[in-house]
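Residue numbers (this note's numbering): -5 to 204.
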């Protein structure tokens, strides 16, 4: 059964747009152990969603100067806030085109995106490899997904801690949700080291400016 971690999707500045998780039985001899029912996550995700909606409403009421942005402007700001400059997004478009025709060129393009976003940071290569694999396969070990979030968090923090304060808080929330999913897998007898989850990046709104 496919299920959605609501709080990840509802994050207002979550650059990936949405992340879908569902247990995969390919790497586990007992698929029933990795099957997670929606009822297991319903209460916590609903509460998180309501909490975030309340927080957003409170922020708006407390700041009468704040006005809704046009979607295109909001998308552009979101991308910039997360370190995705126009140049990086242009390379991302090229990567998406190359992925089905030239894997090596696509891989090199992601490495270039890492340089654009993170410069010569020592973790940029690891981010590049994880991004490439997760985007290409649309799935990965739950621990790889967690590591990707950790890298985004650390890289943004190291680059400009002051600018990315809000983003850091959102990534921390996302990582807590992933930790809960890992605990859920373990409680059902599964192993995070062998459990794969579907994972989908969605940049369409930022690339199209919708």
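Built from N, CA and C at the ideal position, the CB exists for glycine as well.
| Item | Value |
| --- | --- |
| Whose C-beta lies closer than 6 Å to the C-beta of residue 100 among residues of the same chain, with five residues either side of it excluded? | 89, 92, 93 |
| Answer yes or no: do residue 110 and residue 125 have a C-beta to C-beta separation smaller than 7 Å? | no |
| Can you tell me whether residue 156 is helix, strand or coil according to DSSP? | coil |
| Quick one: give me the first and last residue of the beta strand (DSSP E) that residue 133 is part of. | 133 to 135 |
| Between the alpha carbons of residue 79 and residue 149, how many angstroms are there, rounded? | 15 Å |
| So residue 98 is in the alpha helix (DSSP H); what residue range does that whole segment cover? | 97 to 112 |
| Tell me, please, which residues DSSP counts as bridged to residue 187. | None, per the DSSP bridge assignment. |
| Should residue 177 go down as buried or exposed, given a rule of 16 or more other Cβ atoms within 10 Å for buried? | exposed |
| When the distance is taken between beta carbons, is residue 129 closer than 7 Å to residue 195? | yes |
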